[in-house]
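Protein chains in written order, with this note's numbering: chain C, -9 to 204; chain H, -9 to 204.
Protein chains: 2
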Amino acid sequence: MAVGLREHALDSSRFDILEAAATCFMERGYAAASIDEVARSLGATKGRIYHHYPSKADLFADVFRTGMAMNYEALAPVRDLPGSALARWRRMAFTHVMQMILTKPFQRAVWLGVEMHLRGATTPAQRSVFNALIESRTRYADIFRGVMLEGRAEGAFRFANTSIAVQLMFMTLNSPIFWYSPRSGETHADIEALAAQVVDFARGGLASEGTTDA
Amino acid sequence: MAVGLREHALDSSRFDILEAAATCFMERGYAAASIDEVARSLGATKGRIYHHYPSKADLFADVFRTGMAMNYEALAPVRDLPGSALARWRRMAFTHVMQMILTKPFQRAVWLGVEMHLRGATTPAQRSVFNALIESRTRYADIFRGVMLEGRAEGAFRFANTSIAVQLMFMTLNSPIFWYSPRSGETHADIEALAAQVVDFARGGLASEGTTDA
DNA sequence: GGATGAACATACTACTGGGTATGTTGTCAA
DNA sequence: TTGACAACATACCCAGTAGTATGTTCATCC
């Protein structure tokens, strides 16, 4: 999509594989998605994929990496704009949600990767590669964490436990990767309205005071 | 746990299988979890499982069904108590979150089942069984939907699109099945405090007005 | 224009895992 | 006591799949 992605998706053939793989991983999950199926969806055979990737795990890792690269690229233009912490958070959150919707297959792969890492479903050899990807994702989350803390200092947010708040916020912002599916005749404005409602929910969640009323 | 579950988990041997299966499905996902592994974690072999269940899909369906049965049972005592819609919603949501935490393996299986259904990863034969389970889960969600609409009429909630609001709320309330893990020395009060923060986040999300400020 | 290598396809191996067929053990009723 | 059946264990079959080894084609460069 942008030039920066060429760093990992050197040629278009590799990127076609990445897109097909992301879709298959999304539709079947990591274990059930087969290399043959990815190849079939490309009108090709395994040979093509194993020519570019040494293993299924490496292919998946590249999908993960590409997904995170897309997120960083999308966030870059908005993360250091001026304004209140709340205004900055809102722009970042909106950008993130739009990213979840527009690159859903890749983001589902990122989700799968985090899940796999949490349950330790990786071989020791792949562990180091995975750790770097997870760390990339953690740093991305920390960007939001910083703005959230500023927002709390400003009085815009009122969450108690920061780690839980980060979890809940990303759970909300990421949720379209599970329930969003494009409608026929849907305009870009429709998608933006949808993303806005998601952002509003997350904002209300972060701003909610504790249980003080009945 | 309660007598009502005996309807589906007739004897303790079956329930042991269910618990082991739920844990394996949680740790590996549906496809990667093997019947042999479930049996191994019980100190048994496949024979025991295939004596009670005709197929892997049927075993999974029973885990799903048991998880939903647990949810209905937990919700029953609190769903028709008096009070404002907000107060009733809060009790229901809190109960739900506690349920997610305390029966996590089963709830992860329910999540997996919904995901599999959404991407159509079921054979036509299993489809009818699955449809009944999904419908059970939809009716459960509709209980919450009703209280949410009452709460909006009362002015406690301000969400725009109801379906999206239900999605976002359940995403928040269910999220502990992904990030919660018991700490050593954790008390029941600790868990309740954690659940309370989740409920507060969801409440704030449902109460958040739209983007009217900068 | 021939060699070389990238970019695949084809054919094959090894292994895992769902499912089945059959054997074994304990229990309980007649 | 014995037959019958539940509750498993054991042994086996077979389809699917990750990975490999090798063949084929086409462009490019000397």
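All residues carry an ideal CB built from backbone N, CA and C; glycine is no exception. Note that the structure is a prediction, hence the values are computed from the model and not measured.
Interface partners of residue i on chain H, CB under 9 Å
i: W79 of chain C; result: Going along chain H, no residue has its Cβ under 9 Å from W79 of chain C, so there is no contact; the nearest lies around 12 Å.
Beta-carbon proximity check, residue i vs residue j, cutoff 8 Å
i: M159 of chain C; j: V100 of chain C; result: no
i: A185 of chain C; j: Q187 of chain H; result: no
i: R142 of chain H; j: R135 of chain H; result: no
i: C208 of chain C; j: A21 of chain C; result: Here chain C comprises residues numbered -9 to 204, so residue 208 of chain C is not present and cannot be evaluated.
i: A83 of chain H; j: L139 of chain H; result: no
i: Q157 of chain H; j: S153 of chain C; result: no
i: L92 of chain H; j: A146 of chain H; result: no
i: N121 of chain H; j: Q89 of chain H; result: no
i: L123 of chain C; j: A51 of chain C; result: yes
i: R38 of chain H; j: I133 of chain H; result: no
i: A205 of chain C; j: P114 of chain C; result: Because chain C spans -9 through 204 in this model, residue 205 of chain C falls outside it and cannot be assessed.
i: V189 of chain H; j: R80 of chain H; result: yes
i: E17 of chain C; j: R98 of chain H; result: no
i: L65 of chain C; j: H86 of chain C; result: yes
i: R193 of chain H; j: S198 of chain C; result: yes
i: A155 of chain C; j: L196 of chain C; result: yes
i: S54 of chain C; j: G103 of chain C; result: The amino acid at residue 54 of chain C is misidentified as Ser; the sequence shows Phe. Yes, the pair counts as a contact, with Cβ atoms nearer than the cut-off.
i: K36 of chain H; j: D48 of chain H; result: no
i: D1 of chain C; j: L32 of chain C; result: no
Beta-carbon neighbours of residue i, restricted to chain H and to distances below 8 Å
i: D132 of chain C; result: By Cβ distance, chain H contributes nothing, its closest Cβ being about 16 Å from D132 of chain C, past 8 Å.
i: V137 of chain C; result: Within 8 Å Cβ-Cβ: nothing; V137 of chain C doesn't reach chain H, min ~15 Å.
Under 7 Å by beta carbon: chain H residues contacting residue i
i: F191 of chain C; result: L158, G195, S198
i: G19 of chain C; result: G19, A21
Chain-ordered chain C contacts of residue i [CB-CB under 7 Å]
i: Q187 of chain H; result: A150, N151, I154
Fill in: Residues from the segment 147 to 181 of chain C in contact with chain H, defined by Cβ distance under 7 Å
A150, N151, I154, Q157, L158, M161, T162, S165, W169
Worksheet item: Relative to chain H, which residues along the segment 109 to 133 of chain C have a C-beta separation below 8 Å, given in chain order?
Response: R109, A111
Discussion item. My parser needs the alpha helix (DSSP H) runs of 4 or more residues fully inside the segment 82 to 117 of chain H; what are they?
Written reply: 94 to 108
Fill in: Length at least 4, wholly inside the segment 142 to 171 of chain C: the alpha helix (DSSP H) runs in chain order
152 to 164, 166 to 169
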